[in-house]
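Have a look at the structure below, then the notes.
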Amino acid sequence: MSEKPIISARGLSVGFKIGSGLFNKTILKAVDNVSLDIKRGSFFGLVGESGSGKTTLGRAFLKAVPITGGHAAYNDDEVSYDLGTLTGPELKDFRTRAQLIFQDPYAALSPRMTVRDIIAEPLEVMGLTKTREETDARVREIAAKCRLNLEHLRRFPHAFSGGQRQRISIARALVSRPNFIVADESVAALDVSIQADVLNLLKEIQREMGLTFLFISHDLSVVAHTCDHLAVMYLGRLVETAPTRTLFKAPRHPYTKALFSAIPSLDPDDRKGGQRLIGEIPSPTNQPPGCKFHTRCPVVIDRCRIEEPKMEDPGDGHAVSCHRWKELLAMPAG
Amino acid sequence: MTALIDVQNLTLKFRTDEGLITAVDDVSFTINRGEVMGLVGESGSGKSVTAKALMHLNAKNAVYTPESKVLLHTDAGTVDVLKLRTAKELKVARGGAISMIFQEPMASFAPAITIGSQMVEQLLIHSDMNKARAKEISIEMLDRVGISDPAKRFDQYAFELSGGMRQRAMIAMALSTKPSLLIADEPTTALDVTIQAQVIDLMKDLVAEFHMGIIFITHDLGVIAQTADKVSVMYLGKIIEQGPVREVIRHAKHPYTQGLLAALPKLDDLDAPLTPVAGDIPSPLERPPGCVFHTRCPQIIGDVCKTKLPVDAQVDASHSVACHLYAEGAKV
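Heads up: the sequence lines are chains H and B, in that order. Our numbering numbers the first residue of the first sequence as 809 and each following residue consecutively. Our numbering numbers the first residue of the second sequence as 101 and each following residue consecutively.
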C-alpha cells in the first residue's frame, strides 16, 4: 500500500432535487460534507445501514452522480482529475480507470449476450482494442484470472450459478485494466459457501493487479475479513474511520458499537442480545438537528440535540465524530 | 412436548418440459409446540419448497409421492395436509393453524389496499368475529410487534412504511389469527443488521408469549444460532444433518455442514482465511447419483459415495447425519 491517496474527498456533498412543484423543491442530501482519503492499493470498506448514503458516495467517486458541494479528486501515477469538473475526453479516460461491480449478478448481465460479448463490451465501447483478435486475447486473459474457461465464454448468463455470474461481472469490470474499483454489495446476493470464494478472488486480483478497492457492504463480518481500512456512514455523514483491526478492537462511535453488537453470534449460548438500537434510520428529507444519530443514540445528552459534532482525529488515524467519545472511552463497554 | 406437525417421507417433484425435477427427497421432521426449528441450506436446496408443502402451496406441477405425509395436529384432530383438496378444506393449513411470513414484505402486501384492510380481511376469513372486533385485534397486534402509532399505520399503505416496519406488520398479520405454527421464510435477509436484531428479538418474545412452533428458513447460521432450538441442514432436497442447534453448530458431522461453518467470516479471528465450499450446487436436472454432495465433498471416501445413497446415522439420540463416513462400522 502506498501513502498517496487514489481518491481524496474534501467536504464532498451530493444532493438530489426531489418534488416537482414550484414551491416544493426539497433537496435531499444523500452525502453531506464527507472528507476521506483512499490510499492506493488499499481495500477500503464502507459500511452503514440502507439509507446511510454509502452507495451514493461510491457513485460520486465514479462520477456517476452529480457532485453538488466540496471536492473529490482522482490521482494515479499518470493522471490527476478533479471529479467535479471532469468532462470530454478526460472523462472518457477516467471511465477506463475506475469501474463498478454491481450487487445483483442476476440483473447486471444481459441475458441476450454471450459471456464473451458481455466481457468484451467495455473494450469495444471505450475503443481500447483495435482488432477482434486483440479483444479476444484481452477477454481470455481476464476470464482466466476470474476462473472462467473458454467453454464458459460461449454460453449465455442463464446457464451460470450466482457465484459464476459474479465472476463474470468482475471480469467485465476488470477488462479495461482499471486502477480503482467500487464493489457495491458484491457478495450480498450470494450464498455463504460461494461468498468466501468471490471474496478470495477479489483479494487475489487486488494483490496481483495492484488495484484499489472501495468495498461497500452492510455485512460487518465480511468487511472485517477483506478490508484493511473502514469508514462507517450514517445518514450521509461519516461517523468513524480507522484501520479495520483498530475499529473492531475499540470502536469509538456509539453507532459503530451498536452495529457490532447487532451481528448475530454463532454461539447459541451467546444470546445476550447486547446493545440494541431502537428505531430506524430517519428519512434523509427530514433530518434531525444536531448529531444525526441522536434520535437512536443510547448515550445521548442535550448537547447532541443541538450541536453537530465534527470529525476529530486524535492523531492515531482513528477519527470519530461524536461529542462524547472521549468520556465513553472510560466507561465500560455495553 | 406435543407435536404440532409431523412431516414423513416428503418427496416432491416438479413436472417440467425437461422432465421430472426432484426438489425435495425423502424429508422427515417433527416440530413441537414452543419449538423453533431452523432450516438451513443454500439457494436451490429445497428449503422454501419444503415449507410451502406444509401449506400445500406449491405450484400445480408439483407431484408428491404416495408415501409423503404432512400430518398437522390441531385441537380438532389430525389431518394430512397433502390430502386436502378444496380451498375450504385447506383453510386450516393456510392461515388457520399455519401462517407464513416471507422474505420480501413489499411483495407480500397488496400495494393498493391499506395494511389494515388486509389484516381485517384475513381475520374475517379465519374466524367468526365482526369487522369492528377484527380492526381492534389488528391494531392491538400492530402495537404488540412494536409499531408506533398503530391506529394511524392501520390506515396506511405498504409503501408508506420502512422495510423494518413492513416486516413487523407482516409478522403482526401472520400472528393475528393465532396460528400454532409459523413459517418464516428468510424474514430478516432483506433487513439491516440493526433491524434484523430487533426482528429476531421480537420473534423470540412472540414464541414465548404465544407458545407456537416456528420454522425459521435462512441461509445464515448466525441467525439460526440466535433463534433456533434445533436445526436441519438441507442440500439438494435432502436433509443431510439434523439435531439440537448446539450440537450441530459445535460438533457438525457432515462435511457440508462443516464446510458451511468454515465459510463464515469469523469476527474473533480476522486472520483466518475464508474457505469456500468448493464448486457450485449442481443443477436439479443433473442430480448426482449416490450421495448428492459427493461432487463437492472434500472427504469423499470412494465409489460408495458416488453410487450408494447414505442412510441416516445417529450421532446420539437427537443428532443424525446422512453420510457414509458415519455408516455402520465406520467410526463416529
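Quick reminder that beta carbons are idealized off the backbone N, C-alpha and C, glycines included. Remember, predicted model here, so these are calculated numbers, not experimental data.
Strictly below 8 Å CB to CB, what residues from chain B border residue i?
{"i": "H:PHE1056", "result": "LEU367 and LEU370"}
{"i": "H:HIS1026", "result": "ASP292 and VAL293"}
{"i": "H:GLY970", "result": "SER143"}
{"i": "H:GLU1120", "result": "Ordered by position in chain B, no residue passes the 8 Å Cβ test against H:GLU1120, which lies about 24 Å from the chain."}
{"i": "H:ALA1032", "result": "PRO365, LEU367 and LEU370"}
{"i": "H:SER977", "result": "Per Cβ cutoff of 8 Å: no residues; H:SER977 is ~16 Å from chain B at best."}
{"i": "H:SER858", "result": "GLY263 and ASP292"}
{"i": "H:GLU941", "result": "Within 8 Å Cβ-Cβ: nothing; H:GLU941 doesn't reach chain B, min ~32 Å."}
{"i": "H:GLU1115", "result": "By Cβ distance, chain B contributes nothing, its closest Cβ being about 25 Å from H:GLU1115, past 8 Å."}
Hey, how far is the Cα of residue i from the Cα of residue j?
{"i": "B:MET265", "j": "B:PRO287", "result": "12 Å"}
{"i": "B:MET137", "j": "B:ASP285", "result": "12 Å"}
{"i": "H:GLY823", "j": "H:GLY877", "result": "8 Å"}
{"i": "B:ARG253", "j": "B:ALA210", "result": "15 Å"}
{"i": "B:VAL432", "j": "B:GLN326", "result": "Low confidence applies to B:VAL432: its pLDDT is 45, below 50, so where it sits in the model is not reliable enough to give any reading."}
{"i": "B:GLU240", "j": "B:LEU282", "result": "19 Å"}
{"i": "H:ASN957", "j": "H:ARG980", "result": "14 Å"}
{"i": "H:LEU899", "j": "B:GLY216", "result": "51 Å"}
{"i": "B:GLY177", "j": "H:GLY859", "result": "49 Å"}
{"i": "B:ILE105", "j": "B:VAL348", "result": "22 Å"}
{"i": "H:LYS1011", "j": "H:CYS1035", "result": "9 Å"}
{"i": "B:ASP301", "j": "B:THR277", "result": "21 Å"}
{"i": "H:GLY1142", "j": "H:THR893", "result": "With a pLDDT of 45 at H:GLY1142, under the threshold of 50, the modelled position of that residue is not reliable, and the figure given next carries that caveat. When rounded, the distance between both Cα atoms is 46 Å."}
{"i": "H:ILE1114", "j": "H:ALA915", "result": "44 Å"}
{"i": "B:ALA193", "j": "B:PRO376", "result": "39 Å"}
{"i": "H:PHE869", "j": "H:SER918", "result": "25 Å"}
{"i": "B:GLY196", "j": "B:SER238", "result": "16 Å"}
Looking only at its own chain, which residues have a Cβ that is under 8 Å from the Cβ of residue i, when we skip the five neighbours before and after it?
{"i": "H:VAL1031", "result": "GLY853, VAL855, PHE1023, SER1025, LEU1038 and THR1052"}
{"i": "B:CYS397", "result": "PRO355, TYR356, CYS391 and CYS405"}
{"i": "H:CYS1105", "result": "PRO1062, TYR1063, CYS1099 and CYS1112"}
{"i": "H:LEU1009", "result": "CYS954, ARG955, ARG975 and ILE978"}
{"i": "B:LYS191", "result": "ILE225 and HIS226"}
{"i": "H:VAL983", "result": "ILE927, ALA928, PRO930, LEU931, ARG946, VAL947 and ILE950"}
{"i": "B:THR270", "result": "It should be noted that the sequence gives Met, not Thr, for residue 270 of chain B. Cβ within range, chain order: ILE201, PHE202, PRO205, SER208, PHE209 and PRO287."}
{"i": "B:ALA49", "result": "With chain B covering only 101 through 432, there is no way to say anything about residue 49 of chain B."}
Which whole-angstrom value describes the C-beta separation of residue i and residue j, a residue pair presumed to lie in contact below a C-beta threshold of 8 Å?
{"i": "H:MET1139", "j": "H:LEU1046", "result": "Their Cβ separation, rounded to whole angstroms, is 23 Å, which puts H:MET1139 and H:LEU1046 out of contact at 8 Å."}
{"i": "H:VAL1006", "j": "H:LEU998", "result": "6 Å"}
{"i": "H:PRO965", "j": "H:ILE976", "result": "7 Å"}
{"i": "B:ALA162", "j": "B:LEU112", "result": "6 Å"}
{"i": "B:MET229", "j": "B:SER280", "result": "Not quite, the Cβ-Cβ distance comes to about 19 Å (not below 8 Å), so this is no contact."}
{"i": "B:VAL124", "j": "B:LEU321", "result": "At roughly 21 Å, the Cβ-Cβ gap does not stay under 8 Å, so B:VAL124 and B:LEU321 are not in contact."}
{"i": "H:ASP992", "j": "H:THR1103", "result": "Not confirmed; about 27 Å, so no contact."}
{"i": "B:MET200", "j": "B:ALA274", "result": "7 Å"}
List, in order along the chain, the chain B residues whose C-beta lies closer than 7 Å to that of residue i?
{"i": "H:PRO1076", "result": "ALA325, VAL345, ARG346 and ILE349"}
{"i": "H:ARG798", "result": "In this structure chain H extends from 809 to 1142, so residue 798 of chain H is not present and cannot be described."}
{"i": "H:LEU1067", "result": "VAL293 and THR294"}
{"i": "H:ARG1053", "result": "LEU370"}
{"i": "H:GLU959", "result": "Within chain B, no residue comes near H:GLU959; the closest Cβ sits about 15 Å away, beyond 7 Å."}
{"i": "H:GLU929", "result": "Those do not exist, as H:GLU929 stays about 25 Å from chain B at its closest Cβ, beyond 7 Å."}
Using a Cβ-Cβ cut-off of 6 Å (strictly less than) and excluding sequence neighbours within five positions of residue i, which residues of its own chain qualify?
{"i": "H:ALA1050", "result": "HIS1126"}
{"i": "B:PHE393", "result": "TYR335 and TYR356"}
{"i": "H:ILE826", "result": "THR834 and LEU836"}
{"i": "B:ASP412", "result": "SER420 and ALA422"}
{"i": "B:GLN440", "result": "The requested residue 440 of chain B does not occur in the structure, where chain B is confined to residues 101 to 432."}
Starting from residue i, find everything on chain H with Cβ-Cβ shorter than 9 Å and list it in chain order.
{"i": "B:GLY322", "result": "SER1029, ILE1071, PRO1072, SER1073 and LEU1074"}
{"i": "B:PRO376", "result": "GLY971, VAL1000, SER1001, ILE1002, GLN1003, ALA1004, ASP1005, VAL1006, LEU1007 and ASN1008"}
Going along chain H in order, which residues have a C-beta closer than 8 Å to the C-beta of residue i?
{"i": "B:HIS319", "result": "ASP999 and VAL1000"}
{"i": "B:ASP380", "result": "SER969, GLY971, GLN972 and ILE1002"}
What does a CB cutoff of less than 7 Å around residue i pick up in its chain, not counting 5 residues either side in sequence?
{"i": "B:GLN296", "result": "THR288"}
{"i": "B:ASP403", "result": "none"}
{"i": "B:ARG387", "result": "THR122 and LEU336"}
{"i": "B:ASP180", "result": "LYS169, VAL170 and LEU171"}
{"i": "B:ARG115", "result": "ASN161 and VAL163"}
{"i": "H:TRP1133", "result": "ARG1060 and HIS1061"}
Is the Cβ of residue i closer than 8 Å to any Cβ of chain A?
{"i": "H:SER918", "result": "Within the model displayed, chain A is absent; protein chains H and B are what it includes."}
Under 7 Å between beta-carbons, which chain H residues line up against residue i? List them in chain order, please.
{"i": "B:GLY359", "result": "SER1001"}
{"i": "B:GLN256", "result": "Chain H residues near B:GLN256: none, gap ~15 Å exceeds 7 Å."}
{"i": "B:ALA297", "result": "ALA1070 and ARG1084"}
### Task
Assess, as a yes-or-no matter, whether the stretch 968 to 982 of chain H is touched by the stretch 842 to 849 of chain H under the definition of 3 or more beta carbon pairs within less than 8 Å.
The stretch 842 to 849 of chain H, when compared against the stretch 968 to 982 of chain H, does not touch it at the 8 Å Cβ threshold.
### Task
For the stretch 242 to 262 of chain B and the stretch 145 to 165 of chain B, state whether three or more C-beta atom pairs, one from each stretch, are separated by less than 8 Å.
Flag = no, the stretch 242 to 262 of chain B and the stretch 145 to 165 of chain B do not touch.
### Query
Hey, is the stretch 342 to 353 of chain B in contact with the stretch 379 to 389 of chain B, meaning 3+ C-beta pairs nearer than 8 Å?
Judged by Cβ distances under 8 Å, the stretch 342 to 353 of chain B makes no contact with the stretch 379 to 389 of chain B, as fewer than three pairs qualify.
### Message
Across the stretch 1084 to 1104 of chain H and the stretch 835 to 843 of chain H, are there enough close Cβ pairs to call them in contact, namely three or more that are closer than 8 Å?
### Response
Yes, since at least three Cβ pairs between the stretch 1084 to 1104 of chain H and the stretch 835 to 843 of chain H fall closer than 8 Å, the two stretches touch.
### Query
Are at least three pairs of beta-carbons, each pair with one atom in the stretch 810 to 819 of chain H and one in the stretch 864 to 884 of chain H, less than 8 Å apart?
The stretch 810 to 819 of chain H makes contact with the stretch 864 to 884 of chain H, as at least three CB pairs between them are under 8 Å.
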